[in-house]
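From first to last, the protein sequence lines stand for chains G and H. Under the numbering used here, residue 112 is the last one in the first sequence; the count climbs by one each step, no gaps. Under the numbering used here, residue 112 is the last one in the second sequence; the count climbs by one each step, no gaps. Structure, as structure tokens:
Protein chains: 2
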Amino acid sequence: MNSSYLLKGSLQVIILRLLEIHGRMYGYEISRTVKEMSHGEFQITEGALYPALHKLEAGGLLETSTELVDGRARKYYSLSRSGKNEASSRVSDVRIFLDSLQQILNLKPV
Amino acid sequence: MNSSYLLKGSLQVIILRLLEIHGRMYGYEISRTVKEMSHGEFQITEGALYPALHKLEAGGLLETSTELVDGRARKYYSLSRSGKNEASSRVSDVRIFLDSLQQILNLKPV
DNA sequence: AACCATACCTAAACATCTTATATATGTAAT
DNA sequence: ATTACATATATAAGATGTTTAGGTATGGTT
Chain G
3 MNSSYLLKGS LQVIILRLLE IHGRMYGYEI SRTVKEMSHG EFQITEGALY PALHKLEAGG
63 LLETSTELVD GRARKYYSLS RSGKNEASSR VSDVRIFLDS LQQILNLKPV
Chain H
3 MNSSYLLKGS LQVIILRLLE IHGRMYGYEI SRTVKEMSHG EFQITEGALY PALHKLEAGG
63 LLETSTELVD GRARKYYSLS RSGKNEASSR VSDVRIFLDS LQQILNLKPV
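Structure (structure tokens):
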């Protein structure tokens, strides 16, 4: 069983949170960052990442600007105004969820 | 946006962990327990719960026994031998995942 | 009789992921 | 030169796991 199946539903929040902190990131950078932060445990697949970014952008939460860096095109994403609100809202939701989940995981035998 | 979408992928682990602790539970009891433990924040829908239980059973991780209690049929689930191994394995996976996710969520602004 | 809690179940629609494939540039090794 | 790998983006088919909405049935309360 691949641990990455756990990413389901949390990828958007991860993106929103990273942009909340870093201000501006491009797709490849996001996937590298998550991999490094998880010590290589989690690799966001491209097939999940790019559609997620596009959906967030289509929903008006992200804004983009494309730049040419060292001969390669980069598409930078940043939070829109509504994206900033949504980010803090969803991060709160995840925290509540994680608290409950960890409470279950940390249950002591009866 | 409903917070319950976050349950994706973690429902099976929740079930396995609860059974690991309680030994024996029936579906309705599992949904009540999660709701109480989350202070009403998370309601596992029946349309997610029962298919998840059936899949775990079909995979040989759960065993069942049906009992009639107060005139109503209850289907009790418990971990099989392989279910116990799988439970501890998946719980470890989730902990690793949660560590990474919380590390991202708890990032301090730069 | 109506309503709610208990207790199980399933199917259609939807969202999100994996896997596979595609395109293109820069750099390092053979 | 050409192979290989990292960088960088994108899409499509298929699998998976939800939500939503419905169904059946019993027991207790109003």
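Every residue gets a Cβ at the ideal spot worked out from N, C-alpha and C, and that includes glycine. Being a predicted model, the structure only gives us computed values, none of them experimental.
Straight-line gap, Lys57/H to Leu9/G (C-alpha atoms, nearest Å): 20 angstroms
Range of the contiguous beta strand (DSSP E) that encloses Glu65/H: 64-71
Per-residue DSSP class, three states only, for Ser80/G: strand
DSSP beta-bridge partners of Arg74/G: Val71/G
Inter-residue Cα distance where the pair is Ile32/G and Glu69/H: 51 angstroms
Integer-rounded CB distance, given that Leu64/H should sit under 8 angstroms from Leu81/H: 7 angstroms
Pairwise C-alpha distance: Gly73/H and Asp101/H: 45 angstroms
Span of the alpha helix (DSSP H) around Arg34/H: 29-39
Tyr7/H CB to nearest heavy atom of the ligand SAH below 7 angstroms: As far as ligands go, the structure on display features none, and thus does not contain the ligand SAH.
Exposure label - Ser84/G; buried when at least 16 CB within 10 Å: exposed
Residues of its chain near Gly29/H, where Cβ-Cβ distance is below 7 angstroms and the 5 sequence neighbours each way are ignored: Leu51, Tyr52, Leu55, Lys77
Within 8 angstroms, strictly: CB atoms of Tyr7/H and Gly49/G: no
Proximal residues of chain G, C-beta to C-beta of Arg97/H below 9 angstroms: Gln104, Leu107
Thr35/G beta carbon less than 8 angstroms from that of Leu18/G: no
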